[in-house]
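There are 4 protein chains.
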Amino acid sequence: MEAFEKWESEIRGYSRAYPTVFASASNARQVDESGRSYLDFFAGAGVLNFGHNNPRMKRAMIDFLEADGVAHSLDMATTTKRDFIEKFAATVLAPRDMTMKMQFMGPTGTNAVEAALKLARRVTGRRDVVAFSNGFHGMTLGSLALTANDYFRAAAGVPLENVVRLPFETAPGGGVQQLADFRALLEDSSSGLLPPAAFVVETIQAEGGVHVASAEWLREVQRLAHDMGALFIVDDIQTGCGRTGSYFSFDGMGLDPDIITLAKGLGGYGTPIAMNLNKPELDAHWSPGEHTGTFRGQGLSFVAGRVALEYFDDDELMNQVAAKRETMTAVLDDLAAGSDGRFEVRGRGMMQGLDIGDGALAKAIAKKCFDDGLLIGPCGTGGRVLKLIPPLTIPDADLDEGLEVLAKAVHSTI
Amino acid sequence: MEAFEKWESEIRGYSRAYPTVFASASNARQVDESGRSYLDFFAGAGVLNFGHNNPRMKRAMIDFLEADGVAHSLDMATTTKRDFIEKFAATVLAPRDMTMKMQFMGPTGTNAVEAALKLARRVTGRRDVVAFSNGFHGMTLGSLALTANDYFRAAAGVPLENVVRLPFETAPGGGVQQLADFRALLEDSSSGLLPPAAFVVETIQAEGGVHVASAEWLREVQRLAHDMGALFIVDDIQTGCGRTGSYFSFDGMGLDPDIITLAKGLGGYGTPIAMNLNKPELDAHWSPGEHTGTFRGQGLSFVAGRVALEYFDDDELMNQVAAKRETMTAVLDDLAAGSDGRFEVRGRGMMQGLDIGDGALAKAIAKKCFDDGLLIGPCGTGGRVLKLIPPLTIPDADLDEGLEVLAKAVHSTI
Amino acid sequence: MEAFEKWESEIRGYSRAYPTVFASASNARQVDESGRSYLDFFAGAGVLNFGHNNPRMKRAMIDFLEADGVAHSLDMATTTKRDFIEKFAATVLAPRDMTMKMQFMGPTGTNAVEAALKLARRVTGRRDVVAFSNGFHGMTLGSLALTANDYFRAAAGVPLENVVRLPFETAPGGGVQQLADFRALLEDSSSGLLPPAAFVVETIQAEGGVHVASAEWLREVQRLAHDMGALFIVDDIQTGCGRTGSYFSFDGMGLDPDIITLAKGLGGYGTPIAMNLNKPELDAHWSPGEHTGTFRGQGLSFVAGRVALEYFDDDELMNQVAAKRETMTAVLDDLAAGSDGRFEVRGRGMMQGLDIGDGALAKAIAKKCFDDGLLIGPCGTGGRVLKLIPPLTIPDADLDEGLEVLAKAVHSTI
Amino acid sequence: MEAFEKWESEIRGYSRAYPTVFASASNARQVDESGRSYLDFFAGAGVLNFGHNNPRMKRAMIDFLEADGVAHSLDMATTTKRDFIEKFAATVLAPRDMTMKMQFMGPTGTNAVEAALKLARRVTGRRDVVAFSNGFHGMTLGSLALTANDYFRAAAGVPLENVVRLPFETAPGGGVQQLADFRALLEDSSSGLLPPAAFVVETIQAEGGVHVASAEWLREVQRLAHDMGALFIVDDIQTGCGRTGSYFSFDGMGLDPDIITLAKGLGGYGTPIAMNLNKPELDAHWSPGEHTGTFRGQGLSFVAGRVALEYFDDDELMNQVAAKRETMTAVLDDLAAGSDGRFEVRGRGMMQGLDIGDGALAKAIAKKCFDDGLLIGPCGTGGRVLKLIPPLTIPDADLDEGLEVLAKAVHSTI
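Residue numbers (UniProt numbering), protein chains in the order written: chain A, 1 to 414; chain B, 1 to 414; chain C, 1 to 414; chain D, 1 to 414.
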């Protein structure tokens, strides 16, 4: 670890929580240079829905490299990109009768959010964007203004403006009635509130502490947005790409977002890519090259991402999500049941959170897990929630083993 | 191309300028699906300093994939990342007696700039940052505030604040005297100017039109910054990593930046990575995880980037830069000489610009080049400057051929 | 009127609503140049609590002029200013055991609010200020940011920042529970809300539509402010100086504001003056001359203002307020009773509002009143509320006559 | 003085510099309560161009009070206001063939500037306003953003945005060439500068240190503004109303401002009033009541202001300005001549500054003057400039006596 201590910035975080040097990885396991194997319930912060070094994707990537495919193309047209686009259209858009346009940008989630904000402001001619308490949308100034966490916000060093903050459905004061009150204020020309450009919402607040919104509330957010002439934007960066058992986290909820932001799981292999889906009539407001990004055309990401989409053609993996979720919640519910009401289990699909109610305690449990060979990360206010987001492809035995490690850690810590 | 027209966002740009579908690429050439070969003087907007699909890097990347190296690691420690860090320290930092800390973030240049701004504001407790006319620093709200181009800025849809704009050395009113005047105003408590957090400068404004700063002026910017208690930040994203014949664009100028931003060429193969070099005493102001990014630990980028650094161990390639530059400027100077004073040649190393003085004309020349099999891109105000940034590894024959195509295009167009 | 049409700005407002030229005025009546007398239920927008050309004050002002008193003194010490200060201390502060410091500034309410905001931000080192829907606090950029009305805000031409907007007690979603929810969000470090510098509130929203806050809710606002380390600021500019039957509008409510802003009625005669009362420990944060104003020392205002304070030494006038209020509400309640639930009566003391529920209708009634010799002004969203703020000194006969005109106008209009 | 120390805010300034209690005043003299007479070279910060308690105005004001004229009228039409408007049109506008509209607002200079900014932003649809180093335009957030002095700006507690700062003609880097450079940057779409809404300039920077702009430079500012589609706004609040020997400070310079802000001297007697002159085609963009102010219709100010305008009908007083200026500069030039180049004399008309080059020294001189019976105030960076702005009506003997006191104070202090 000395090289990291000597040369890497003090900002490094995970290498402090997991103080070992990883040498290889496969599906739901990482192996450090001493040969010790760790179960991975963190999966690259929700990126590795299909496991580390997914063999199908690896094969395609090596073939691509050997064939001198265009690795870096900005937004020039390439055969590899076309394959990705056509596969995405066939697998994701067509079955949903969606006609949305795919926009590529700098391959990070934050760049996707920044692009969505630009388009929303362009289309509406308005500045303010509604975001929710406990929301997480990125680290660059535009997306950071939406992000709720004080720790991240304080690092900006400048005021973060042009955002109106509402309580998320599950936060104090939040809910459908709150949206009705907010609507009434927006409709009163003496309320001091201007109609916003957009409402930006996560269906499950992942970083914010695994807070799950109801379909009813999300529909009301969408209705309010549209009644006010604002865009309804779903940030599906961490929750999309299969995490909840379907491609989008909001499938089946009767929603019709104007913009959907995607990143993390989209590249399949951990290869960087970000993409927004824009309704065509909104997308038409873009002029060529207004929001660029050097790495917006990544051959390897297109290749791996195309293979990842194949998981959504047959339902085998998606069908397993429900079963694995049950395995997870069975253990978590047990832990909550034994906590005298201190713990709470929240989640959907294979994103589950165990709210420990205390950040220091959650950290101690996560440390114990690491010592026992399980990678798991805290989230939420003060890091009080243990978030379980293993690869969707995790073998049942690994899932069971990891849950056992977690249960043991909880019991030995509290 | 129909797939792109049907499914991709209207924001697409290069696929309009280069309306063909590329299928493979090698060193300074891209081949489209019809088998036509194009010379590439654009090199992925300055990313591909070592050519498309550099064979040394490709071999290492395939080995890494086959060995199940950790492809996606956030900021966990991995053997691959350690190899990169140690190589960078040995090849770049040690020979320069630099002790700077390496900070990784979301793998785009704009994220690097956003991180640098946060650190500068944190360290100084100030808000305003000095940026220069014609500067380009990225597309997210923080970096976009520094970027000078109106077209990009107008897309923000919100005010871009916390930036003080000065003329670049070569712009009207710019130069050492202007810096002295600005210093006098900063020192007058009734000037209405507050001391800034940082001065952010490119040594050559690449996107801005290949404007070249002198060492004297850059030293004066640095001196002014330091006298005012501000940071001196060099954005070397497009100009660094060997483009000018040395690792940093400012090598040999007597500069000692507080933060250096790197991206584009750093990953070698077009694989995304971004990294800031922070002076240790400044870097110590970071708390863990204050500026994160999902894709900040990319195994493939570390592998290819490590191999790229080998080019800086022996001086062979770097030595060729001077010769190739002469080849380039010989042709460009000829074109300028035959333009009745309308054209101007500017540049350093293998970043050369031919200022046509007229955006429409420059566009017509670039189109003619494309038709004749050469990729070249305009930059600067109104796109009036043709920028030549071929791979440093371009074979002499390809360089000559490309310059010939360009010369012919100029002659036939004007 | 031609002179006004020819030479005065298009921004003129009241001269359009009351299209006649006034030549003289006395107590609750104004007389136009044709000799027609108008009853005045508007009283200079709440300035003339003691009537037009109050004879006691007039005598003192003439004496002052004849004695060559210092008419204009900035913040130099004058005998006249000392008399005012000592009288204010004896009449207002001493009986309430208040030790607040008097700060004078440019003699407008908006300047008072701007000064209060500066002090609150200085003391707390915070930026955001909480203001309420339908609030009115002035027209300059700092106070305008607090003002809720879209019409006024839209005139700014720049974003109005650094304000967090909450619903007023009587607005949709407003009330004690809302304050509790807001407190919970402030206490959550992931809510995206920072602790504010101040809560700025009117006890009765005069311009906003005569919305009356309860003592319980105001105490809860104060408690929340203090628990969050924020200042509790009461804007008593329109509601203070006796309007509700006591000097401050919040007397007897168990409140202890950190800053109280005063203007309008303070000068007694319509002579301009503005003054903040600052708790001494907060006031100590000011450095000399940090917030100045050329006209902050007005001899005539000090003279008339001192005489005005005499009305608060014996309780005769103040005692009449309750009786006159009853006279007013008797008529207003009747009008509301006959409106099939369309009208609502709101108010405290001699600030009463008749909410007509429709701006066009309210305007028609006000016009009919003017035609019949009564000046009355609309307020609230879309101007739907008729506000009755006659001089406290209005003779009973005039009050009755004016109410009769109003009742007739209502009956003939609806 | 105890009453002030006990009850008045710590922000009080002049009562610290002039620690006595004034009881009466007449023309260029103030008398304190002990009967000591002081010569007044400060004249209420430039308000009292016609002396303290000007007898002509006093008579008219008493008559007005006795006749129960309308003292407070918001923007209702009154006979008194009409008299003022017509007099201003006849005396000031007609001889200059001006057709500008008069806009009244809250009676302070800062409110006038805030209104001008709103109109400029409304008309152009732009946000940024150009202001100059060392400029002073007021204390409320909009005007404070234009004000250059750090001490005042720091009190805001929030970022002061939407202003582009240029050096004043006489500041480092300032002048006609600087304007040409700025023009070139504005015309370059990659300069990072947007066309501004307005240029706001003082012809003489009074608070800023008596910096005098040349007619040539002012014309170039105006030309640049108009070429860029921006408004040219002259802030004549301290320099107008006769101070330089003509009504406007820019008379005879060939300027044609779009908006002129007036306040201080406009009310004649120190009675508060503020007024903007707007070109009619710009003024037409106002909607009724968009920028209001409770005290915008002050009968006493209209009366005294009307009488003040009579001084501009015959040229007697204005003719004296040149002679008195000579008296002043003769003494000042002598002082400068004897200073070994340390002092500098600057000014126009009866606004003259003696730049001492050192704030502490200037303060000591001003203190000595006070001790010897002369009121004089420092201005400029660090208070290094002694500003002489006696009433225009000062008797020659008083002027001589005051200059003698000043000379003695300088000699005894340095």
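Where is the CB? At the ideal position from N, CA and C, for every residue including glycine.
> At what residue ranges does the region 346-394 of chain B contain a whole run of the alpha helix (DSSP H), taking only runs of 4 or more?
Replying inline: 359-371
> Using CA coordinates, which residue listed in D/N162, D/F104, D/L392 is at the minimum distance from D/Y311?
Replying inline: Within the fourth sequence, the letter at position 311 stands for residue 311 of chain D. Answer by Cα proximity: D/L392.
> What are the residues that DSSP puts in a beta bridge with A/N134?
Replying inline: In the first sequence, residue 134 of chain A corresponds to position 134, counting from 1. Partner(s): none; A/N134 has no beta bridge.
> By how many angstroms is the C-alpha of B/P172 removed from the C-alpha of D/D181?
Replying inline: Within the fourth sequence, numbered from 1, the residue matching residue 181 of chain D stands at position 181. Within the second sequence, numbered from 1, the residue matching residue 172 of chain B stands at position 172. Looking at the two C-alpha atoms, the distance is approximately 5 angstroms.
>> Need the endpoints of the beta strand (DSSP E) that B/L262 sits in, please.
In response: Here the question's residue 262 of chain B lines up with position 262 in the second sequence. Taken as a continuous stretch (DSSP letters only), the beta strand (DSSP E) holding B/L262 covers 259-262.
> Out of C/A364, C/F22, C/H137, C/Q103, which has the shortest C-alpha to C-alpha gap to C/V234?
Replying inline: For the purposes of this step, residue 234 of chain C is taken as the residue at position 234 of the third sequence. If we check each option's Cα against that of C/V234, C/H137 comes out closest.
>> Distance cutoff 8 angstroms, beta carbons only. Does C/Y38 sit that close to anything in chain D?
In response: Taking the third sequence and counting its residues from 1, the one referred to as residue 38 of chain C is at position 38. False, the Cβ-Cβ gap to chain D never drops below 8 angstroms.
> Interface residues of chain E around C/G242 at Cβ under 9 angstroms?
Replying inline: The displayed structure is made up of protein chains A, B, C and D, and chain E is not among them.
> Between the Cα of D/H72 and the Cα atoms of D/F248, D/T271, D/T140, which residue gives the shortest distance?
Replying inline: Mapped onto the fourth sequence, residue 72 of chain D falls at position 72. For the residues D/F248, D/T271, D/T140, the minimum Cα distance to D/H72 belongs to D/T271.
> Considering only residues of the same chain and omitting the five flanking positions on each side of C/C369, which have a CB-CB separation below 7 angstroms?
Replying inline: Your numbering for residue 369 of chain C matches position 369 in the third sequence. Counting only Cβ-Cβ distances below 7 angstroms, and skipping sequence neighbours, we find I376, V405, L406, A409.
>> Taking the beta carbon of D/P167 as the centre, do at least 16 other beta carbons fall within 10 Å, making it buried, or is it exposed?
In response: Taking the first residue of the fourth sequence as position 1, residue 167 of chain D is located at position 167. Buried, since its Cβ has 16 or more Cβ neighbours within 10 Å.
>> Residues of chain C with CB closer than 8 angstroms to the CB of A/Q178, please, in chain order.
In response: Working through the first sequence from its first residue, we reach residue 178 of chain A at position 178. The contacting residues are G173.
>> If distances are taken between C-alpha atoms only, which option among D/Q205, D/E187, D/S191, D/S287 comes closest to B/S191?
In response: Locating residue 191 of chain B in the second sequence gives position 191, where the first residue counts as 1. The shortest C-alpha separation from B/S191 is found at D/Q205.
> How big is the Cα-Cα spacing for D/T80 and D/G69?
Replying inline: The residue given as residue 80 of chain D occupies position 80 in the fourth sequence. The residue given as residue 69 of chain D occupies position 69 in the fourth sequence. So the alpha carbons of these two residues sit roughly 7 angstroms apart.
> What separation, rounded to the nearest whole angstrom, lies between the Cα atoms of A/F152 and B/H291?
Replying inline: Position 152 of the first sequence holds residue 152 of chain A. Position 291 of the second sequence holds residue 291 of chain B. Distance between the alpha carbons of A/F152 and B/H291 is about 7 angstroms.
> At what residue ranges does the region 286-345 of chain B contain a whole run of the beta strand (DSSP E), taking only runs of 3 or more?
Replying inline: none
>> Residues in the same chain with beta-carbon distance under 6 angstroms from A/T20, minus the five sequence neighbours each way, listed in chain order, please.
In response: Position 20 of the first sequence, counted from the first residue, corresponds to residue 20 of chain A. Excluding positions up to five away in sequence, the list reads D32.
>> Taking the straight line between their C-alpha atoms, what separation do you get for C/G175 and D/V164?
In response: Stepping through the third sequence from its first residue, residue 175 of chain C is reached at position 175. Stepping through the fourth sequence from its first residue, residue 164 of chain D is reached at position 164. Looking at the two C-alpha atoms, the distance is approximately 43 angstroms.
>> Which residue marks the beginning of the beta strand (DSSP E) containing D/I233, and which one marks its end?
In response: Against the fourth sequence, residue 233 of chain D aligns to sequence position 233. D/I233 -> beta strand (DSSP E) spans 231-235.
> For the 8 angstroms Cβ check, are there 3 or more pairs between the region 118-134 of chain B and the region 87-96 of chain A?
Replying inline: no
>> Within 10 Å of its beta-carbon, does D/Q352 have 16 or more other beta-carbons around it, so buried, or fewer, so exposed?
In response: Counted from its first residue, the fourth sequence places residue 352 of chain D at position 352. The residue is buried, with at least 16 neighbouring Cβ atoms inside 10 Å.
> Name the chain A residues whose beta carbon is nearer than 8 angstroms to that of B/I62?
Replying inline: To locate residue 62 of chain B, count along the second sequence from 1; it is residue 62. What B/I62 touches in chain A: I62, L65, E66.
>> As a quick exercise: from B/E216, B/A184, B/H211, B/C241, pick the residue whose alpha carbon is nearest that of B/D227.
In response: Locating residue 227 of chain B in the second sequence gives position 227, counting from the first residue. With distances taken between Cα atoms, B/D227 lies closest to B/A184.
> If the cut is a Cβ gap below 9 angstroms, which residues of chain C does D/N111 touch?
Replying inline: Taking the fourth sequence and counting its residues from 1, one reaches residue 111 of chain D at position 111. Residues of chain C passing the Cβ test: G106, T108, T110, N111, M139, T140.
> Would B/G380 be called buried (16 or more neighbouring beta carbons within 10 Å of its own) or exposed?
Replying inline: Within the second sequence, numbered from 1, the residue matching residue 380 of chain B stands at position 380. B/G380 is buried by the Cβ-count criterion.
>> For D/N276, report the span of its beta strand (DSSP E) as first-last.
In response: Counting from one through the fourth sequence, the residue named residue 276 of chain D turns up at place 276. Where D/N276 is concerned, the enclosing beta strand (DSSP E) stretches over 275-278.
>> Residues in the same chain with beta-carbon distance under 6 angstroms from B/Y38, minus the five sequence neighbours each way, listed in chain order, please.
In response: Here residue 38 of chain B corresponds to residue number 38 of the second sequence, with the count starting at 1. Excluding residues within five positions, the ones whose Cβ falls inside 6 angstroms are Q30, G373, L375.
> From what residue to what residue does the beta strand (DSSP E) around C/Q30 run?
Replying inline: Locating residue 30 of chain C in the third sequence gives position 30, where the first residue counts as 1. 29-32 is the span of the beta strand (DSSP E), which, as asked, contains C/Q30.
>> So if I threshold CB-CB distances at 8 angstroms, which residues from the region 217-237 of chain A count as touching chain C?
In response: none
> For the region 310-326 of chain D against the region 240-248 of chain D, are there 3 or more C-beta pairs whose distance is under 8 angstroms?
Replying inline: yes
> If you follow the alpha helix (DSSP H) that D/M57 is part of, which residue opens it and which one closes it?
Replying inline: Translated into positions along the fourth sequence, residue 57 of chain D becomes position 57. 55-66 is the extent of the alpha helix (DSSP H) around D/M57.
> On the three-state DSSP scale, how would you describe B/E202?
Replying inline: Here the question's residue 202 of chain B lines up with position 202 in the second sequence. Coil at B/E202, not helix or strand.
>> Three Cβ pairs or more, each shorter than 8 angstroms: is that satisfied between the region 54-67 of chain C and the region 302-311 of chain C?
In response: yes
> What does D/A25 reach in chain C if we use C-beta pairs closer than 7 angstroms?
Replying inline: As a position in the fourth sequence, residue 25 of chain D is number 25, starting the count at 1. Those are D68, V70, listed as they occur along chain C.
>> In whole angstroms, give me the CA-to-CA distance for D/L48 and D/T108.
In response: Locating residue 48 of chain D in the fourth sequence gives position 48, counting from the first residue. Locating residue 108 of chain D in the fourth sequence gives position 108, counting from the first residue. Looking at the two C-alpha atoms, the distance is approximately 15 angstroms.
>> Three Cβ pairs or more, each shorter than 8 angstroms: is that satisfied between the region 4-20 of chain A and the region 281-288 of chain B?
In response: yes
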